[in-house]
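One structure below.
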């Protein structure tokens, strides 16, 4: 019967096959005649019986049951629609009956056969049948639904096609039944037929918008007065309108929501006034009719309901963006959707309820995995979130930023519950960091609320960043980018306060709750878990101090990424200002009288004092790491920052003057500050008017120094500098260039003897920043005496106008190494022989810094080829060897450096003496055995440095050196044996083919030590020698070590299998890997595509 029913539908919708008549018939007349002919043919076929008999009986049964059939209608189109609706109802009833029978008596397929398939449902239609059904539905909607929609409700037929206007004109609305009644009948029949899933698909995929428009009109169109000439709702009862409302809401609830939202947007109609031809114009060239107000309000309300329901935001975004194929309009649509989401609709009960439902859904848009969908959804979510933060900050803070940062807040909030429940899983932290990165960094639209909330969780975020620096983690980069974004977009005062908070200058950094710590996750992230309790107080203190230092180092690395920002420099100047303030407070603390205090007051005073000392240490630590980790190009990248640096130095000196302190540190600070100002004003850099304007900050401290400093020379120089700045360089006395010359060589020589003073404004403070800090942190024992100037300083001549006492008496805090002369320098006139003699004398000075500086000066004389030094190389050798036995590392390291330079320039004489010193061991009963042992090790260090510096001359002297080092491997002390092996490895790397005659001896020695020596460090050194030799020879290994290569290989394999020391095994594995690479290159040489051309004679 299904086939028969569909055949009747095909007869009813059969197209006109003959051509149009030539007597001028219109399209409307042709359509009506075709409808009449198809109706007549259908009636004839039904009355004829045959295969359509069952279909006729079912059709008559359905006709008797319904009450809305109008048999006497004079409107041919409605008669045609009625027949179509009856046949659709008959088809739906028949398919429903077949499904009931099918489910009651299921057909079980025969098992075991490969071609056995599940039975096909009886309501499945073929492709031809589906096409026939789609044609019938199109006729029903076109003739029975669309013509009765009010103007502006839905898309009119005339806007769909040119033929639609002719069809709409063929419908007669002035005859019974009324238009609203016809609309109600057609809509109800379509909804009833759509209860069957096989028939619902073609109905809703093609005609959902028309059905929704009909239901909206039937249920919500307001009443009109009777005298306006337009058919009203007089024919519809209250129950019918209520039923239409229920049907509309049921339909909206069960259809795919993005499609529903699309259709509702279409029902809202075009804009009130089209701004261009492209807006509100359909394919046929006619403007879209504006929707009536009641329909616009209804669609807005329905859209708001769709938006506020679960997953409503996602449905709205999909409805608008699913048809987007990318291009220029893609981001415009995303921004438009974001603005819609950020605006509270008028139909919402309250703004609070709207944002409480929408904001969590906006955050869910950030979690999609599909690349294209995730990119569009992320753009919408980011723009919507930032728009909410700007337009509705009160709700965004509660419902958007609160959930966004909730995971980081959980890391710091203390609870009374089970500690294990307070742990934060890896996926939570990862999701939180990624969401913050997308909204803040990718969105890149800073606002006060967003920055404030981000600053609140910055300690936790920074602690997580510091943890990721310990190992490999995919969270490191997003954490770093978020922190950099926050620091670069915050107000300068807030950013500086945040930096002080992160480095511990405002108390503990915090970040995580007590007893918890970050730990590695299984997927490369991090999680918050309960930390291990440390029972030992010393271990706990060590972990705390090392953790604080690590955080400061991470913060400095973070500032190092801000190369184009002034924040690092301003933070550096802020630290210097705090240092000056703390210096003044410490002086005041010394004047506090505690004799009249009560016990509580004394306890409170002592606690405050201890806290102040802790803050001072934290400040000094931060300042030291900042100076060490950041170059001057970042710290002082602008002239104003250079001036600020000098101001801080002079202010610190002024604090010392007010308190009456006369320490070497204060004197050195004042000397450097004045020297820097003199260097700036003497022409080291070209100063602009703006630079002079910024230097006006120097006038108050210079004025204070010119009045309060006890030395007249400093007073006069400060006054001259102040006058030069005030006149913007018009007045420049001779004292300024002289002071600049005296300051510049001293600072440069203390830094690098071979470096000339710089000429750029931004690089001048680099010579003093680290030195100033060092002077503030070190004790005064590293400085020379104030009352006895160094001979090197006292012999620097100055012009009569420059006050000779300035270099000595007025700067007692400047140590001798800060004013040592550079040989041959144009700035000084001291003869080189006299300076060399003075350095020889100072090399025996009991003062450690003076002796070390003298040794380095002697080394520099040798390196520069000074004539006096060349003539006294034996004296220099004796001086350096005697200073090797000094207990201070600063002294004996300087001596080692000097001996290495001597050995580089005079290898014949110096190496012979050094080899004798290294070869001669102490006697058994010698009381100086320990000292002699240390000296031999130091001589070995000299020989190793000399071997590195020989270069191509290493094979010439190598045989003697190898012999001494091999002899040292037989020493009874394990330290000497290890040192000899280390030097032997360094030397063998440079010998190349000269190592061939010594290969057997070297192999026997190393193999014996590997298998027989009891000390693990000696065995490690022997294995390391093999690795160094293989690395140095590389492709020449098989040629030089061909006879002993097998023995060395067996020795390495023995270490891997039998040696109990893990480090020795590791060295052996590395050596075997190096040997494997060598042999691979030997057996499988690299193929070179080259052609050899031979020229015959």
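Numbering (the numbering used here), first residue to last: 8 to 1104.
From the three backbone atoms N, C-alpha and C, an ideal C-beta is built for every residue, glycine too.
Note that this is a predicted model, so its numbers are computed, not measured.
Excluding sequence positions up to five before and after residue 731, its CB lies within less than 7 Å of the CB of 688, 738, 739, 743, all in the same chain and listed in chain order. For residue 527, the secondary structure class from DSSP, reduced to helix, strand or coil, is strand.
The Cβ-Cβ distance between residue 509 and residue 465 falls below 8 Å. DSSP places residue 876 inside the alpha helix (DSSP H), whose first and last residues are 874-878.
Rounded to whole angstroms, the separation of the alpha carbons of residue 1081 and residue 920 is 36 Å. Shown here, residue 534 sits in a strand according to DSSP, grouped into three states. The three-state reading of DSSP puts residue 512 in strand, counting E and B together.
In the DSSP annotation of this structure, the continuous segment of the alpha helix (DSSP H) that includes residue 187 starts and ends at 186-200. Note on residue 1100: under 16 other CB atoms within 10 angstroms of its CB, so exposed under the neighbour-count rule.
Sequence-distant partners of residue 109 (beyond 5 residues in either direction) whose C-beta falls short of 7 Å from its own C-beta, in its chain, are 128, 129. Within the segment 943-1026, the alpha helix (DSSP H) runs of at least 4 residues that lie entirely inside it are, in chain order, 961-975, 981-998, 1006-1019. DSSP places residue 905 within a helical segment (H, G or I) once states are collapsed to three. According to the DSSP assignment, residue 723 belongs to the alpha helix (DSSP H) that extends over 719-733. A Cβ-Cβ distance of about 7 Å is found for the pair residue 80 and residue 182, placing them in contact under the 8 Å criterion. In this chain, the alpha helix (DSSP H) harbouring residue 86 covers 83-111. Only exposed fits residue 1089, as fewer than 16 other CB atoms lie within 10 angstroms of its CB.
Excluding residues up to 5 positions away in sequence, 76, 93 lie with their Cβ nearer than 8 Å to the Cβ of residue 70 in the same chain. Collapsing the DSSP output to three states places residue 174 in a helix. By the beta-carbon neighbour count (other beta carbons within 10 angstroms, threshold 16), residue 445 is buried. The distance from the Cβ of residue 855 to that of residue 886 is about 16 Å, inconsistent with a contact at the 8 Å cut-off. When the Cα atoms are used, residue 443 and residue 527 turn out to be separated by approximately 20 Å. Excluding five sequence positions before and after residue 967, none of the CB atoms of its chain fall closer than 6 Å to its own CB. A direct Cα-Cα distance of roughly 26 Å separates residue 722 from residue 693. In the DSSP assignment, the residues bridged to residue 431 are 535. Counting only the Cα atoms, residue 473 lies some 43 Å from residue 908. Residue 276 sits in a strand when the DSSP states are folded into three classes. For residue 462, the three-state secondary structure derived from DSSP is helix.
Pairing residue 404 with residue 396, the inter-Cα distance amounts to about 7 Å. With a beta-carbon spacing of about 12 Å, residue 226 and residue 259 fall beyond the 8 Å limit used to define contacts.
Contact between residue 992 and residue 1032 holds, with the beta-carbon distance rounding to 4 Å and staying under 8 Å.
With respect to residue 997, residue 1039 sits close: the two C-beta atoms are nearer than 8 Å. Straight through space, the alpha carbons of residue 458 and residue 523 are spaced by roughly 26 Å. A direct Cα-Cα distance of roughly 54 Å separates residue 151 from residue 409. Between the segment 643-663 and the segment 698-717 there are three or more inter-stretch CB-CB distances shorter than 8 Å, so the stretches are counted as touching.
Checking the DSSP bridge columns, you'll see residue 137 has no partner listed.
For a cut-off of 8 Å, the C-beta gap from residue 21 to residue 45 is around 6 Å, short enough to register as a contact.
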